[in-house]
Amino acid sequence: MKSRSPLLSLFLVLLLLASACGGTTREDESAQGDEGATAAGESEPAGEESEDTGSEAVANPDAEIPDGLGIAFLPKAVNNPYFTIVSGGASAATGEFAGEYNETGPSDASASSQVSYINTLSQQGSDVILLSANDANAVCPAIEQARSAGAKIVTFDSDTSPECRDLFVNQATTEGIAEVQLQMVVDQVEGGEAQVAILSATPNATNQNTWIAAMEQMIEENDAFSGIEIVTVAYGNDEDEKSFQEAQGLLQSYPDLDAIIAPTTVGISAAARYISGSQYKGQVILTGLGFPEQMREFVKDGTVAQFALWNPEELGYLAAWTGAALASGQITGEEGETFSAGELGEYEIGADGEVLLGPPTVFDEANIDDFDF
Amino acid sequence: VEGLPVAPDTANLDARRRIGWSQLASWDAVVIVVLAATVLIAGVMVEGFATARNLNFLILDVAAIALIAMPMTLVIITGEIDLSVASALGLISSVMGQLWLAGLPLETIIVLCIVLGAVLGAVNGVFVTRFRLPSLAVTIGTLAMYRGLAYVVLGDRAVADFPPSWTRAVTSSLPGIPIPTMLLPLVVLAAVFGLLLHATPMGRSLYAIGANDEAAHFAGVAVARSKFWLFVTTGAMSALAGVYWTFRYASARADNAAGLELSVVAAVLLGGVSIFGGRGTLPGVMAGVLLLGTLLNALRLANVSAEALNIVTGLLLIISVLTPSVIALAQRARSRERKARQ
């Protein structure tokens, strides 16, 4: 034990020295405020970028999309059925404007592994990167490098901090998604009173966290939803087995639970599989965001009455057209500019560089057979 | 041998003695040659590989693995293992974010984090040396525990407002030369660990511990104390890797580096360290780290899918564990033949 004390005291001396010196604190940083943020944008590589946009700052709506435009699709992780469908749409759009399509991505949905792929794409000289970000900030330095190498970054599904990408194709507004999920619960309970548990994706998932926060706010502020009480949020990590177990756990630990909202396609189908084989079938409402293909049997067997989603194929399709419009110079990313997205028609850029796909679709027994994704 | 359930049977020891140091050194040489060949082939075949920018990306990608692989080499040479390193990294990252939110100066936070890392390592060390528990079991336990604590500390948030001057410093290149700044501390630390392992009596005693810790104990080696301090060092280096990771990705999160322990162990074994202890060199491990990083980097540039990359990592791990055993078997068979002929 004796031999340990000199090292310990060394640590303590170091610690004292470091604290005595003062140094960089968060307050120093926030005092600089916006200055700090601009400094980040004005580093060397980004400087080139702003020159570029400076010279072509005027959008030319008639610009041709060049043949062979390289469109790279970078989902949160590969082998996720949702992103496979989005990719299908993006690939179809790329075919329509004769671009070159490349799909890549990490096998785990972590922020750091995505950075390596962004680096790779910028190294390969991609013209457009369609990105669903695993972390709103961790990918930003890599994106900055890719942009300085000439790539246009269009985020879809999960945005980064607005200042680091060019445009964000929003599948639905936060309010739209939150409202449709609460509405589906209210429609199914008597008197609009319900104890609800949420079965989310990972604890860090940008989308799910925003939707959950919006639902909580709506319950407080909107009288139509004031009877809903969110008792807990569980995380299935977007893994089938974990989500299945979490659904099981929720129903066991909250015997008075009226409904589960699963704002993730992996979560809702795993929960549906559990509920359809349990005594809770028909007793507990299950709703959220899901694929018609995965949910069809559970709608038909009465486990699920309603669920919602935007059309992911159209999301990918719109994202690819948005990237092409940017890269060709039809748009520069300014609010109010419009561009054509093939079969989907005209779209307009909204505030904060967002392009909105449209309102979510509610699926039920009546219409589910019209959709095959 | 207490650490791992596999006791080296006498025949194996026999073979090992006969192969001698020349054989063992040659495994490192093989890895270094394979690394050089991989770099050459990738440079010629893969577009975009042989550029300064890509070199920078490559070094940044392997830096955290390299930092943890250095002490891990020493730990595995003594016949133990520490699987909690990536979780310790995540916990450190969370603590770093939380302390930054609390308004502490970054300099203090970094020192605190490294002290905390040493404490996390000491917890492993106490269980392994004081309570004589197998490190495999102990560190699987702390793997889960530290990751859990990471979520307790920071929850599902990400702290991302670290000063750009710091986050940029980590990813920058040396002024005027296209060499990543991170390479400097890596080289210095690798030299320190290399000298410690290969040029000091303490380093040599680690091989003795790994070969047979009871014999080492009776020969006067402070087995428990050495192991304890190795775990402490591993914890502190994981913390350093955590600080690096947080700055590199400009994001303190509880799930940072999840699963990294596998890459670290794979790189160490690929570098020629025996999973049963008693064998391996630091230059070999550094070559292993770079080989793994280079392969993944080049294959990604060549548009090989993520699943295939995982298969490559797994295969390399198996090959690196299998090859020394196959060599030993072949040697044994040959010597038996020779004996039979006599």
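Protein sequence lines correspond, in order, to chains A and B.
Numbering of the first sequence is given in our numbering, commencing with residue 81 and proceeding in unit increments.
Numbering of the second sequence is given in our numbering, commencing with residue 55 and proceeding in unit increments.
Glycine is no exception: its CB is placed at the ideal position from the N, C-alpha and C atoms.
Worksheet item: Using a beta-carbon distance cut-off of less than 7 angstroms, what residues from the segment 272–292 of chain A approach chain B?
Response: 283, 284, 289
Discussion item. Counting only beta-carbon separations shorter than 8 angstroms, does residue 159 (chain B) have a partner in chain A?
Written reply: yes
Worksheet item: Using CA coordinates, which residue listed in A:163, A:443, A:434 is at the minimum distance from residue 242 (chain A)?
Response: A:434
Item to complete: Put residue 159 (chain B) into one of helix, strand or coil per three-state DSSP.
Response: Here residue 159 (chain B) sits in coil by DSSP.
Practice prompt. Using only alpha-carbon positions, find the residue among A:235, A:358, A:305, A:217 that is nearest to residue 267 (chain A).
Written response: Distance check between residue 267 (chain A) and each of A:235, A:358, A:305, A:217 places A:305 closest, using alpha-carbon atoms only.
Discussion item. Is residue 74 (chain B) close to chain A? Criterion is C-beta to C-beta, closer than 8 angstroms.
Written reply: Only weak support exists for where residue 74 (chain B) lies, its pLDDT of 45 falling under 50; the coordinates are left without a value.
Worksheet item: Using the C-alpha atoms, what's the distance from residue 204 (chain B) back to residue 181 (chain B)?
Response: The straight-line gap from Cα to Cα measures roughly 21 angstroms.
Item to complete: Determine, using beta-carbon pairs with one atom in the segment 313–320 of chain B and one in the segment 204–216 of chain B, whether at least three such pairs fall under 8 angstroms.
Response: The segment 313–320 of chain B, when compared against the segment 204–216 of chain B, does not touch it at the 8 angstroms Cβ threshold.
Worksheet item: Given that residue 244 (chain A) touches chain B, what residues does it touch there, using C-beta distances under 7 angstroms?
Response: Residues of chain B passing the Cβ test: none, with the nearest at roughly 11 angstroms.
Worksheet item: Under the rule that 16 or more other beta-carbon atoms within 10 Å means buried, what is residue 232 (chain A), buried or exposed?
Response: buried
Fill in: Opening and closing residue of the beta strand (DSSP E) in which residue 208 (chain A) lies
208–211
Worksheet entry | Extent of the continuous alpha helix (DSSP H) to which residue 410 (chain A) belongs | Per DSSP, residue 410 (chain A) lies in no alpha helix (DSSP H) and is assigned neither H nor E.
Fill in: Classification of residue 387 (chain B) by the beta-carbon crowding that lies within 10 angstroms, buried from 16 upward
exposed
Worksheet entry | Any chain B beta carbon closer than 8 angstroms to residue 416 (chain A) | It does not; no Cβ of chain B falls within 8 angstroms.
Fill in: residue 380 (chain A) - DSSP class collapsed to helix/strand/coil
helix
Worksheet item: For residue 372 (chain B), is the classification buried or exposed, using 16 other Cβ atoms within 10 angstroms of its Cβ as the cut-off for buried?
Response: When all chains shown are included, residue 372 (chain B) counts as exposed.
Discussion item. Measuring alpha carbon to alpha carbon, tell me which residue in A:216, A:235, A:223 is nearest residue 211 (chain B).
Written reply: With distances taken between CA atoms, residue 211 (chain B) lies nearest to A:216 out of A:216, A:235, A:223.
Discussion item. Can you look up residue 436 (chain A) in the DSSP assignment and give me helix, strand or coil?
Written reply: Under the three-state reduction of DSSP output, residue 436 (chain A) falls in the strand class.
Worksheet item: If we count the other Cβ atoms within 10 Å of its Cβ and call it buried at 16 or more, is residue 261 (chain A) buried or exposed?
Response: buried
Worksheet item: Looking at the C-beta of residue 162 (chain B), does it have a partner C-beta in chain A at a distance below 8 angstroms?
Response: yes
Worksheet entry | Chain-ordered neighbours of residue 305 (chain B) on chain A, where CB pairs are closer than 7 angstroms | 191, 215, 217, 218
Worksheet item: In chain A, what lies closer than 7 angstroms to residue 359 (chain B) by C-beta?
Response: 158
Discussion item. Looking at chain A, is there any beta carbon in it that lies within less than 8 angstroms of the beta carbon of residue 298 (chain B)?
Written reply: Taking 8 angstroms as the CB threshold, residue 298 (chain B) stays off the interface with chain A.
Worksheet item: How about residue 143 (chain A) and residue 408 (chain A): do their beta carbons lie closer than 8 angstroms?
Response: yes
Practice prompt. Can you tell me which of the three DSSP states residue 387 (chain B) falls into?
Written response: helix
Worksheet item: Nearest-angstrom Cα distance between residue 360 (chain A) and residue 389 (chain A)?
Response: 24 angstroms
Worksheet entry | Reference residue 175 (chain A); option with closest CA among A:164, A:155, A:150 | Minimum Cα distance to residue 175 (chain A) is reached at A:150.
Practice prompt. Kindly indicate the opening and closing residues of the alpha helix (DSSP H) around residue 349 (chain A).
Written response: 345–356
Item to complete: Starting from the beta carbon of residue 312 (chain A), find every residue of chain B whose beta carbon is closer than 7 angstroms, and list them in chain order.
Response: None at all; the shortest Cβ gap to chain B is about 14 angstroms.
Practice prompt. Ignoring anything shorter than 3 residues or poking outside the segment 245–279 of chain A, list the beta strand (DSSP E) runs there in chain order.
Written response: Whole beta strand (DSSP E) segments, 3+ residues: 247–250.
Worksheet item: Measuring CB to CB, does residue 192 (chain A) end up less than 8 angstroms from residue 354 (chain B)?
Response: no
Discussion item. Taking its Cβ as the centre, do 16 or more other Cβ atoms sit within 10 Å of residue 452 (chain A), making it buried, or is it exposed?
Written reply: Counting every other CB atom within 10 Å of its CB across the protein chains shown gives residue 452 (chain A) a total below 16, marking it as exposed.
Discussion item. Is the separation between the beta-carbon of residue 400 (chain A) and that of residue 145 (chain A) shorter than 8 angstroms?
Written reply: no
Worksheet item: What residues match up with residue 182 (chain A) in a beta bridge as DSSP calls it?
Response: A:152
Worksheet item: Alpha carbon to alpha carbon, what distance is there between residue 137 (chain B) and residue 384 (chain B)?
Response: Between the alpha carbons of residue 384 (chain B) and residue 137 (chain B) lies a gap of roughly 32 angstroms.
Item to complete: Could you please give me the residues that DSSP links to residue 387 (chain A) through a beta bridge?
Response: A:443
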